[in-house]
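> Going left to right, the sequence shown walks through residues 35 to 144 as our numbering numbers them. Let me give you the structure first, and then I'll get to my questions.
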Amino acid sequence: MSKPTGDAVLQELQRVLEARKQADPESSYVAKLYARGLDDILKKVGEEATETVMAAKDGDRERIVYETADLWFHTLVMLAAMDLGPGDILAELERRFGLSGLDEKASRPN
Numbered sequence: 035m036s037k038p039t040g041d042a043v044l045q046e047l048q049r050v051l052e053a054r055k056q057a058d059p060e061s062s063y064v065a066k067l068y069a070r071g072l073d074d075i076l077k078k079v080g081e082e083a084t085e086t087v088m089a090a091k092d093g094d095r096e097r098i099v100y101e102t103a104d105l106w107f108h109t110l111v112m113l114a115a116m117d118l119g120p121g122d123i124l125a126e127l128e129r130r131f132g133l134s135g136l137d138e139k140a141s142r143p144n
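Structure, rendered in structure tokens:
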């Protein structure tokens with residue numbers, strides 16, 4: 035099987051993350067995260083966000099890409115744990131496209 039590319043990466047990753055919900059925690063890192071619960075998943079997202087910020091602050095482009103990939107991956111795990119996926123986020127970004135950031139922020143409920 036060839037590796038997915040572009041948008042197909044997100045779709046295939048979502049499929050794998052959903053399948054891991056049923057996997058033995060001893061057989062998969064993601065299954066182990068799911069078994070440990072949402073708090074552990076959220077801690078991992080926070081850890082990866084911090085590492086991404088530190089990489090950006092250091093200006094290390096290679097590390098920025100690596101850490102951002104970790105952040106995206108763990109964010110996708112979090113979304114899957116909440117029965118959401120990349121399509122939900124893409125739909126929200128599409129909704130916002132062409133909308134001023136100031137207008138979008140002002141339209142949010144307080």
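The C-beta atom is built at its ideal place from N, Cα and C for all residues, glycine as well. Just so we're clear, the structure is a prediction, and the values are computed from it rather than from any experiment.
Considering only the beta carbon of each residue, do Arg49 and Tyr68 sit closer than 8 Å?
Residue numbering aside, residue 49 sits at position 15 when the sequence shown is read from its first letter. Residue numbering aside, residue 68 sits at position 34 when the sequence shown is read from its first letter. Not closer than 8 Å, so no.
> In angstroms with no decimal places, state the Cα-to-Cα distance between Leu76 and Thr109.
The sequence position of residue 76 within the sequence shown is 42, counting from 1. The sequence position of residue 109 within the sequence shown is 75, counting from 1. Cα to Cα, Leu76 sits roughly 8 Å from Thr109.
> Could you check what DSSP says for Ser141 in three-state terms: helix, strand or coil?
To locate residue 141, count along the sequence shown from 1; it is residue 107. Note: Ser141 maps to helix in three-state DSSP.
> Might you give, ordered along the chain, the residues of its own chain that have their beta carbon closer than 7 Å to the beta carbon of Val64, omitting 5 neighbours on each side?
Start at 1 with the first residue of the sequence shown, and residue 64 comes out as number 30. Correct list, in chain order: Leu51, Arg54 and Val111.
> With a 10 Å radius around its C-beta and 16 neighbouring C-beta atoms as the bar for buried, classify Val79 as buried or exposed.
Residue mapping note: residue 79 aligns to position 45 of the sequence shown, counting from 1. Its Cβ being crowded by 16 or more others within 10 Å, Val79 is buried.
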